[in-house]
Amino acid sequence: MSARRDLWPAVFGAAGNLGGVDLRAFLDDGLAIIVATADDQLHPEISRGWGPQLADDGESLELCVAAAPGSRTRVNLERGGVIAATFSVPTTYRTVQLKGPVVDVGEPTSAQVIRADEHLAAFVRQVAQVGVPPVAAGRMREPVLLAVRMSIAERYEQTPGPKAGLPL
Amino acid sequence: MSEPVTLESIMACFRGVVPSSFATCAADGTPNISFLSLVHYVDAGRVGLSRQFFNKTRVNLDVNPFGQVRVVDPGTLAEFALDLRYLHTETEGATFDTMAAAIEASAAGGDMSGVFRLRGVDVHQVLRCAPVGVVATAPQAPVERDVLGRLDEFTRRLSQCGDYAEATRTALRSLDDLFGFTQSILLVGDEGDGHLFAVAGNGYPSPAAGAEVPLSAGVIGMAADRRQVVCVSNVARGRVMQHAMSGGCDSGPGIPLPALDAAGSVAAVPLVVQGGLTGVLYLESAAIGTFGPHNERVLRLLGGYVAAALSGLAADEPAREADGPPALPAPTGTTLRITYYQADDSVFAGDGYVIKGVAGRILWKLLGAHAADGRTAFTNRELRLDEALGLPPGNDNLEARLLVLRKRLAAGGHGVQIERTGRGHFALLVTRPLELLEVPTSGPMRSAHAK
């Protein structure tokens with residue numbers, strides 16, 4: 001637990017700055033990632049994200065998003081727009097939220113799929129600590145993913161509590 | 169896209185076991201995600217979302233009422249997406265009270281009870297409810313499906329009970345074998361003295377009778393105060409509800425309220441008769457999610473039946489001749505000193521605590537009458553008419569107090585027992601010589617004993 005707490009500022013920086021930090025270490029924590037998109041009628045749609053990877057300059061992020069063919073998430077992502085993504089430590093609910101425009105969308109590469117699977121494995125280990133059976137947790141990654149690159153324009157504290165929503 | 173399902177088919181998702189993610193969208197098309205501790209089923213077309221902290225959500229809903237919440241079935245981990253349209257916010261009323269009680273109960277005992285205060289309930293119309301993903305598990309049939317048959321049997325059994333003690337025993341055992349509520353405690357009391365006392369327990373290794381709970385403590389106090397069923401679906405997530413229970417209880421000397429070492433889920437059901445609180449039925453389960461919105465209505469019905477049945481039995485006055493008290497040989501053996509402390513009406517047999525409060529006064533009265541002229545036969549009516557005992561008018565819980573006293577005396581094995589001899593009649597049975605010692609007090613606590 002303490003290792004995870006120590007990791008947090010190392011990943012996001014004391015002031016929440018993501019710049020130049022390798023998210024690989026963060027992935028070992030098996031974060032729960034929730035992604036939200038919206039259509040042009042402002043209807044939001046929730047999905048899950050897997051295998052995030054921060055760009056070297058810390059200004060953008062790649063991740064795979066569960067997006068079945070014909071799903072609203074896929075339609076929303078393919079039309080561009082802005083997405084939001086939360087990253088939560090399942091055992092503590094410590095959460096941050098990133099928002100920014102979709103820069104690129106495409107079918108995931110094999111490397112991205114492997115990263116998503118590695119993330120899922122870490123996620124399964126993590127949620128097992130709060131009583132979620134591994135078999136059930138393993139089903140939470142939908143089979144069809146879309147690779148998305150988002151520019152990081154906004155960062156927020158999102159841990160449930162009075163500070164939720166404050167900019168980082 | 170998955171086929172829609174009804175809210176009633178996913179009631180397990182509304183137990184508050186797994187946090188829900190809620191997405192809204194700003195006017196410029198930027199989504200926002202927040203997390204909810206509770207999504208509440210209002211009716212077939214509406215849900216209530218707890219409004220606690222999420223300011224951005226508030227701003228977004230003011231300009232764009234559309235949202236989506238994802239709820240999780242804690243049993244199967246199947247996820248469901250609910251497309252929502254914000255209707256209005258409630259800061260009072262039945263829905264608000266129910267959610268506030270659930271959230272306060274979850275936070276009680278931790279250091280966040282103030283932080284997790286419910287500020288409002290955002291009521292949303294559910295535009296669509298559908299399972300997420302291709303592996304989504306088919307919704308389970310409603311848990312309450314065959315509940316009518318079990319309720320019918322429960323009421324049938326209670327209606328067969330001829331006296332108060334039998335009714336308490338039957339009620340708790342039936343909760344166990346008909347509904348699977350394996351741990352239960354029946355507490356009764358009146359609002360006047362600020363305490364509830366346990367009359368009977370089921371499923372615990374230690375007896376419950378005589379344990380006291382202040383009306384301000386934990387989920388029991390909350391249910392009593394609000395006259396509402398209070399369920400905590402996930403005690404672990406609710407910041408160790410047990411702490412509030414055990415830490416807040418004035419159990420009296422020697423009678424702790426029994427409790428599971430690690431309860432996963434708890435419920436407190438108020439017992440209300442003619443608008444007045446007569447007690448609380450407290451239930452515990454080792455499993456997470458046993459109690460929650462999915463069976464809240466059943467719990468309320470069960471509480472209503474129990475309250476009415478006990479009230480009817482307690483109100484009965486002597487309707488027929490009682491059996492005479494059993495003939496006993498003259499007391500033999502070593503003399504037992506019985507000490508009565510006026511300060512709190514507690515009675516000790518030797519060094520062993522027996523009872524206190526109103527039941528202590530009753531016991532002391534019986535022992536005094538027995539010592540004076542060897543009397544053994546008594547009636548409920550004479551106790552009710554004895555103003556010195558301080559029984560509250562109306563709902564005096566006399567039957568419950570006598571039952572607790574009977575159980576405490578039987579458990580103590582002191583050679584003093586109470587035995588029911590007929591409706592409204594009972595006998596004091598003494599099998600060894602007694603020495604009665606009254607320890608007076610002149611402090612302000614003596615007001616009840618001014619006579």
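Protein chains in written order, with the numbering used here: chain Y, 1 to 168; chain A, 169 to 619. Note that CB positions come from ideal geometry on N, CA and C, so glycine has one too.
Ranked by Cα distance from R549 of chain A, the first of A:H593, A:F516, A:A539, A:E587 is A:H593. Among the residues of chain Y, none has a CB under 8 Å from the CB of G590 of chain A; the nearest is roughly 53 Å distant.
Taking the Cα of A436 of chain A as reference, the smallest distance to any Cα among A:T225, A:S374, A:L534, A:T458 is reached at A:T458. The criterion of a C-beta distance shorter than 8 Å is satisfied by N76 of chain Y and A38 of chain Y. Annotation for K99 of chain Y: the continuous beta strand (DSSP E) segment containing it runs 95–106. Listed along chain A is no residue with a C-beta nearer than 7 Å to that of E78 of chain Y; the closest approach is about 15 Å. Contact between the stretch 169–182 of chain A and the stretch 200–213 of chain A is present, with at least three C-beta pairs closer than 8 Å.
For E452 of chain A, there is no enclosing alpha helix (DSSP H); the residue is part of the beta strand (DSSP E) that begins and ends at 444–453. Among the CB atoms of chain Y, none fall inside 8 Å of the CB of P299 of chain A. With contacts defined as CB atoms closer than 8 Å, V397 of chain A and R468 of chain A qualify as a contacting pair. For H43 of chain Y, the chain A residues whose C-beta falls within less than 8 Å of its own C-beta are C193, F234, Q236, D251, listed in chain order. The straight-line gap separating the alpha-carbon atoms of R183 of chain A and P108 of chain Y is approximately 36 Å. Listed along the chain, the chain Y residues whose CB falls inside 8 Å of the CB of G197 of chain A are A38, D40, L42, G81, V82.
Rounded to whole angstroms, the gap between the alpha carbons of S327 of chain A and A477 of chain A is 7 Å. With respect to chain Y, the C-beta atom of S218 of chain A has no partner C-beta closer than 8 Å. For S433 of chain A, no chain Y residue has a C-beta closer than 8 Å to its own C-beta; the minimum C-beta separation is roughly 13 Å.
Residue pairing of N370 of chain A in beta bridges, as defined by DSSP: A:S352. In the DSSP assignment, P561 of chain A falls outside any beta strand (DSSP E), carrying neither H nor E. Scanning Y:P52, Y:G51, Y:Q53, Y:A36 for the CA closest to the CA of E45 of chain Y turns up Y:A36.
Beta-bridge partners assigned by DSSP to D251 of chain A: A:Q236, A:R296. Inter-residue distance for L120 of chain Y and S71 of chain Y is about 21 Å (C-alpha atoms, whole angstroms).
With respect to chain Y, the C-beta atom of L245 of chain A has a partner C-beta closer than 8 Å.
Chain-order list of chain Y residues neighbouring S189 of chain A: I34, I46, by C-beta distance under 7 Å.
Sequence-distant partners of A195 of chain A (beyond 5 residues in either direction) whose C-beta falls short of 7 Å from its own C-beta, in its chain, are V231, N232. In this structure, L245 of chain A sits near A136 of chain Y, with a CB-CB distance shorter than 8 Å.
Here W50 of chain Y is bridged, per DSSP, to Y:C64. Pairing V124 of chain Y with R238 of chain A, the inter-Cα distance amounts to about 19 Å. Secondary structure of S170 of chain A (DSSP, three-state): coil. Between V474 of chain A and A339 of chain A the beta-carbon gap is near 5 Å, inside 8 Å, which marks them as a contact. In the structure shown, V466 of chain A adopts helical secondary structure according to DSSP, grouped into three states.
In the DSSP assignment, P134 of chain Y falls within the alpha helix (DSSP H) that extends over 134–138. Boundaries of the beta strand (DSSP E) around S188 of chain A: 188–193.
Among the residues facing chain A, V132 of chain Y is included, as its CB has a counterpart in that chain under 8 Å away.
For the pair G288 of chain A and L204 of chain A, the Cα-to-Cα distance works out to about 13 Å. The beta carbon of G362 of chain A sits closer than 8 Å to those of P382, L383, S384, all from its chain and outside the five residues before and after it, given in chain order. In the displayed model, T458 of chain A falls within coil according to three-state DSSP, outside both helix and strand.
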